[in-house]
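Here's the structure, in structure tokens; my notes come after.
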Amino acid sequence: MTSDAAESAEKPTRRRGPWVFLRDVLVIIVIAALVSFVVKTFVVRSFYIPSGSMERTLLINDRILVDELTPRWSGYDHGDVVVFKDPGGWLPPAPQTPARPFLVEAADWVLTFVGLSTTDAQDHLVKRVIGLPGDHVVCCNALGQITINGSPIDELSYLNLPGGDTAASDVDFDVTVPANSLWVMGDNRDRSQDSRAHQDLPGGGFVPLGDVVGRAFLTTWPLDRFGLIDTHDEVFRSIPGPKK
1 MTSDAAESAE KPTRRRGPWV FLRDVLVIIV IAALVSFVVK TFVVRSFYIP SGSMERTLLI
61 NDRILVDELT PRWSGYDHGD VVVFKDPGGW LPPAPQTPAR PFLVEAADWV LTFVGLSTTD
121 AQDHLVKRVI GLPGDHVVCC NALGQITING SPIDELSYLN LPGGDTAASD VDFDVTVPAN
181 SLWVMGDNRD RSQDSRAHQD LPGGGFVPLG DVVGRAFLTT WPLDRFGLID THDEVFRSIP
241 GPKK
């Protein structure tokens, strides 16, 4: 054994102190939080369902994932289930809640930051896209069906209607969707405060694309409902483009 090797062998291995370990753990936590924040802000986001307006597709207390990234380039299609911010006046004012302890507020802020809290879900809605920009959407024809650009759509495969009822809406309407907007409706038609219910507001019941968070694509909770969210492409396949 050479003298250099002997000296190396005689040197004791340095132990990592507790502060070094804590530093490494903190770095890992910060990196994980930043990655989660970026994913939540630009890629995918989680929401829970507080109401029954989208039954049978989505049930109360379901948790869903929303694709924020793809629609930035591909846009939205008929039948997409979208989450959007309240365009103004769609939701009642949030009730005043008593002040919470600082630690609770701090913990909730952290969970919201990393995308695990659902507090912002109270300011958002989820509906199905029926009308795209330029579409002429009318309800209803003699069969109780909605027509889009003159073509009727049969939605009975996913609508939640009272027994024996086949009309797609109990509210008549005749609208042309403005540019950069959507006409949206809930699948539980008789219990959904959607575009139909807000035609008297300044926005005319339309949802600006700038208020849309993204496309809901997966139900993640409860586990027995885990699965992709159906956009029912077959219902909308024959719709012609809007007239120029």
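If you're matching positions, the sequence shown starts at 1 in the working numbering and goes up one per residue. Ideal placement from N, C-alpha and C gives every residue a C-beta, glycine not left out. Please read all numbers here as calculations on a predicted model, not as lab measurements.
For Asp170, the closest of Tyr158, Arg189 and Asn180 by C-alpha to C-alpha distance is Arg189.
The beta carbons of Leu201 and Gly89 sit about 5 Å from each other, so the pair counts as a contact at 8 Å. Note: Leu228 is bridge-paired with Leu218 in the DSSP secondary-structure output.
The alpha-carbon separation between Ile229 and Phe84 amounts to approximately 17 Å. The shortest CA-to-CA distance from Glu234 to any of Gln122, Ala168 and Asp77 is the one to Asp77.
Phe173 is positioned such that its CB atom lies no closer than 8 Å to that of Arg191.
Around the Cβ of Ala168, a 10 Å sphere holds 16 or more other Cβ atoms; the residue is buried. The region 177-184 makes contact with the region 203-215; the number of CB pairs closer than 8 Å reaches 3 or more. Taken through DSSP and simplified to helix, strand or coil, Arg56 comes out as coil. The criterion of a C-beta distance shorter than 8 Å is not satisfied by Gly79 and Val126. Here the C-alpha atom of Ala142 lies approximately 12 Å from the C-alpha atom of Ile153. Pairing Arg63 with Met54, the inter-Cα distance amounts to about 13 Å.
With respect to Pro87, Asp194 sits apart: the two C-beta atoms are not nearer than 8 Å. Considering only Trp19, Asp24, Val27 and Pro240, the residue with the shortest C-alpha distance to Gly134 is Pro240. Between Asp187 and the set Thr231, Tyr48, Phe226 and Ile148, the nearest pair of CA atoms involves Thr231. For Asp80, there is no enclosing beta strand (DSSP E), since its DSSP letter is neither H nor E.
Boundaries of the alpha helix (DSSP H) around Phe236: Asp233 to Phe236. For Val44, same chain residues with a beta-carbon under 7 Å away, outside a window of 5 residues either side, are Leu65, Val66, Asp67 and Glu68 in chain order. As DSSP reads the structure, Asp123 sits in no beta bridge. Straight through space, the alpha carbons of Asp123 and Asp165 are spaced by roughly 32 Å.
Here Val138 has Thr147 and Asp174 as same chain residues with Cβ atoms under 6 Å from its own Cβ, once five neighbours each way along the sequence are excluded.
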